[in-house]
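Worksheet for the structure shown next.
Numbering (my numbering), first residue to last: 304 to 482.
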């Protein structure tokens with residue numbers, strides 16, 4: 304009887320699991336330019352099992368946008384700017400860096416930046432985040448260096464259905480939900 308019950312439960316749970324999973328697909332188009340003129344366009348399809356299609360989906364799978372903080376809201380920092388430095392650098396200016404985070408009056412992250420350092424192999428950045436009327440991220444713009452801009456569009460359920468990455472005002476990557 305125990306074996307029969309285990310078999311029935313296994314079949315029942317796998318059947319329920321299969322019914323609730325909805326594969327999703329995205330079309331990724333990459334644009335390459337020479338002297339601001341489009342010379343190559345490549346398209347790929349990205350498939351995923353059901354998971355929330357929020358900004359962290361793109362960060363986890365495509366590293367877009369780069370170095371996004373793990374937490375975009377924190378009410379304890381509402382209206383504040385906080386910074387942290389390399390804890391291992393001490394007074395060594397050549398290997399010291401800082402991260403700075405600014406929050407609006409309701410605790411949403413509005414700016415995050417990284418100073419870099421002489422010994423660091425990464426470039427500094429300062430991203431500004433703007434939100435739409437529903438409190439969703441509308442754009443993220445790097446005000447330093449590469450002049451990157453990310454723009455987001457959402458469906459009525461709040462899932463991101465389009466992500467466009469611009470570099471120096473040229474469309475570099477476009478990721479669109481395939482219905």
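No residue lacks a Cβ here, since even glycine has one placed at the ideal position from N, Cα and C.
Remember, it's a predicted structure, so these values are computed and weren't measured experimentally.
Between residue 445 and the rest of its own chain, which residues show a CB-CB distance below 6 Å, the 5 nearest in sequence each way excluded?
Taking the chain shown and counting its residues from 1, one reaches residue 445 at position 142. Closer than 6 Å at the Cβ level, and outside the excluded window around residue 445, lie 428, 430 and 451.
Taking C-alpha atoms, which residue in 471, 465, 470 and 469 lies nearest to residue 331?
Locating residue 331 in the chain shown gives position 28, where the first residue counts as 1. Looking at the Cα atoms, 465 is the closest of the given residues.
Could you name each continuous beta strand (DSSP E) segment of 3 residues or more that falls completely within the stretch 390-429, going from the start of the chain to the end?
401-406 and 412-417
Check: residue 430 C-beta below 8 Å from any heavy atom of the ligand SAM:
Ligands displayed in this structure: none; no statement on the ligand SAM is therefore possible.
Looking at the C-beta of residue 368, does it have a partner C-beta in chain C at a distance below 9 Å?
Here there is only one protein chain, and chain C is not present.
Closest to residue 389 by CA distance: which of 408, 420 and 410 is it?
Indexing the chain shown from 1 puts residue 389 at position 86. Of the candidates 408, 420 and 410, the one whose C-alpha sits nearest the C-alpha of residue 389 is 420.
Among 329, 328 and 345, which has the Cα closest to the Cα of residue 474?
As a working note, residue 474 is residue 171 in the chain shown. For the residues 329, 328 and 345, the minimum Cα distance to residue 474 belongs to 345.
Distance CB(residue 455)-CB(residue 439) smaller than 9 Å
Mapped onto the chain shown, residue 455 falls at position 152. Mapped onto the chain shown, residue 439 falls at position 136. Their beta carbons are under 9 Å apart, which means residue 455 touches residue 439 by this criterion.
Any chance you could list the alpha helix (DSSP H) runs of at least 4 consecutive residues sitting entirely within the stretch 343-397, in chain order?
358-365
Residue 339, enclosing beta strand (DSSP E) - first and last residue
What you label residue 339 is simply residue 36 of the chain shown in a count that begins at 1. From DSSP, residue 339 is part of no beta strand (DSSP E); its letter is neither H nor E.
Indicate the three-state DSSP secondary structure (helix, strand or coil) for residue 472 in the structure shown.
Here residue 472 is taken as the residue at index 169 of the chain shown, counted from 1. Coil.
Cα separation between residue 425 and residue 351?
Translated into the one-based positions of the chain shown, residue 425 becomes position 122. Translated into the one-based positions of the chain shown, residue 351 becomes position 48. Whole-angstrom Cα-Cα distance: 30 Å.
What does the Cβ neighbour count give for residue 324, buried or exposed, with the cut at 16 atoms within 10 Å?
By 1-based counting over the chain shown, the position of residue 324 is 21. Here the model assigns residue 324 a pLDDT of 42, short of 50, so the residue's position is not dependable and the matter cannot be decided.
Taking all protein chains shown into account, do 16 or more other C-beta atoms lie within 10 angstroms of the C-beta of residue 399, making it buried, or fewer, making it exposed?
Residue numbering aside, residue 399 sits at position 96 when the chain shown is read from its first letter. So residue 399 counts as buried.
Is it buried or exposed, residue 354, if we count other Cβ atoms within 10 angstroms and call 16 or more buried?
Reading the chain shown from its first residue, position 51 is the one you call residue 354. Looking at its Cβ environment, which holds fewer than 16 other Cβ atoms inside 10 Å, residue 354 is exposed.
Among 378, 471, 343 and 403, which one has its Cα closest to the Cα of residue 453?
Against the chain shown, residue 453 aligns to sequence position 150. The option with the nearest alpha carbon to residue 453 is 471.
Straight-line gap, residue 481 to residue 461 (C-alpha atoms, nearest Å):
In the chain shown, the residue the question calls residue 481 occupies position 178. In the chain shown, the residue the question calls residue 461 occupies position 158. Computed Cα separation, rounded: 16 Å.
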